[in-house]
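For the sequence shown, the positions run 734 to 937 when this note's numbering is used.
Don't be surprised by glycine CBs; every beta carbon is placed ideally from N, CA and C.
Here is the structure we will look at.
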Amino acid sequence: MKPQILEALKKMEKFGYHTHVFPTAVEMRDFVMSSIPETASVGFGGSMTVTGDIRLYDLMKERGNTCFYHGRVEPEEAAATRKKAMLADYYLTSSNAVTYDGKLLNIDGVGNRVGALCCGPDIVYILVGVNKFAPDDEAAMKRCKEVACVKNGVRLDTGTPCAVTGKCADCNSPNRMCRAVLWLERVPREREFHICVADEALGY
Ligand code: SF4
């Protein structure tokens, strides 16, 4: 793992985060599974890392946790499920980018994930691969627009300029994904945040 990432995590410890480093995504997944009681309710933000690559939603649901993830319910239940996720005991998500000076950047279309990070479940686990780290704010925003949005746009067939050309046009599309932007500079007061980093590329 790059020394800049380890330095970023040291800074984040000073900012009030609990940080955890893992050689592999499987070890990170096992840590989260063992840290959350089977009786707890768990909300999920939209994240290819959490619900796709390491299948935490499936594994937690299988073992009996009450899970709220809008991506696995009927479309008419999605809005209510997003709100229930914000009131769960725990919240699991990734982040669009993490800067070397210890800031988290997230961009949302609906706002459920940034809302949950701001004032949602008391205990939050943010799971990232090393590909999510960026040297500075500008690079973090660039990765959001030119990597995360492009891939999400293609996956969700948004038809937004980023999905078609690979470049952001600061669009006004009805499918615009960039609607709520959150820079987290410190842990929000009265909350517990865990930053888990696996030494692999995960999600986008
Ligand atoms: S503003 Fe529009 S074009 Fe730019 S990244 Fe967001 S959705 Fe894509």
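Under 9 Å between C-beta atoms of Asn864 and Gly936: As a working mapping, residue 864 is identified with position 131 in the sequence shown. As a working mapping, residue 936 is identified with position 203 in the sequence shown. Their beta carbons are under 9 Å apart, which means Asn864 touches Gly936 by this criterion.
Would you say Ala867 touches the ligand SF4, meaning its beta carbon is less than 8 Å from a heavy atom? Within the sequence shown, the letter at position 134 stands for residue 867. Answer for Ala867: no, Cβ out of range of the ligand SF4.
Tell me the residue span of the beta strand (DSSP E) that contains Ile928. Walking along the sequence shown from the start, residue 928 turns up at place 195. Ile928 -> beta strand (DSSP E) spans 925-931.
Would you kindly work out how many angstroms separate the C-alpha atoms of Val897 and Val887, rounded to a whole number? As a first step, residue 897 must be located in the sequence shown, where it is residue number 164. As a first step, residue 887 must be located in the sequence shown, where it is residue number 154. One C-alpha to the other measures close to 8 Å.
Is the CB-CB distance between Val831 and Cys929 below 9 Å? For the purposes of this step, residue 831 is identified with residue 98 of the sequence shown, where counting begins at 1. For the purposes of this step, residue 929 is identified with residue 196 of the sequence shown, where counting begins at 1. Contact flag unset, no.
Test item: CB-CB of Met734 and Asp932 under 9 Å: In the sequence shown, residue 734 corresponds to position 1, counting from 1. In the sequence shown, residue 932 corresponds to position 199, counting from 1. In this structure, Asp932 lies closer than 9 Å to Met734 by Cβ.
C-alpha gap between Arg788 and Ser827, whole angstroms: Counting from one through the sequence shown, the residue named residue 788 turns up at place 55. Counting from one through the sequence shown, the residue named residue 827 turns up at place 94. The alpha-carbon atoms of Arg788 and Ser827 are separated by roughly 13 Å.
Are the beta-carbon atoms belonging to His927 and Thr752 less than 9 Å from one another? Within the sequence shown, numbered from 1, the residue matching residue 927 stands at position 194. Within the sequence shown, numbered from 1, the residue matching residue 752 stands at position 19. Yes; because the gap between Cβ atoms is below 9 Å, this pair is in contact.
Pull up the DSSP beta-bridge partners for Gly862, would you. Within the sequence shown, residue 862 is the residue found at index 129, counting from 1. Looking at the DSSP assignment, Gly862 forms a beta bridge with Ala931.
Any chance the CB of Asn839 is under 8 Å from a heavy atom of the ligand SF4? On the sequence shown, position 106 is the one that residue 839 refers to. Not under cutoff, so the answer is no.
Assuming contact is defined by CB atoms lying nearer than 9 Å, are Gly778 and Leu825 in contact in what I supplied? In the sequence shown, the residue the question calls residue 778 occupies position 45. In the sequence shown, the residue the question calls residue 825 occupies position 92. Cβ atoms of Gly778 and Leu825: closer than 9 Å.
Could you give the DSSP three-state label for Gly776: helix, strand or coil? Stepping through the sequence shown from its first residue, residue 776 is reached at position 43. Looking at Gly776 - three-state DSSP - the assignment turns out to be strand.
Please name the residue in Glu925, Ser780, Asp834 whose C-alpha comes closest to that of Gly853. For the purposes of this step, residue 853 is taken as residue 120 along the sequence shown, with counting starting at 1. Of the listed residues, the one whose Cα sits closest to Gly853 is Glu925.
For the beta strand (DSSP E) that Thr752 lies in, which residues bound it at each end? In the sequence shown, the residue the question calls residue 752 occupies position 19. Unbroken beta strand (DSSP E) run through Thr752: 751-755.
For Val765, which residues in the same chain have their Cβ closer than 6 Å to its Cβ, ignoring the five residues on either side in sequence? The residue labelled residue 765 in the question sits at position 32 within the sequence shown. Excluding residues within five positions, the ones whose Cβ falls inside 6 Å are Tyr858.
Classification of Asn885 by the beta-carbon crowding that lies within 10 angstroms, buried from 16 upward: Residue mapping note: residue 885 aligns to position 152 of the sequence shown, counting from 1. Buried, by the Cβ-count rule.
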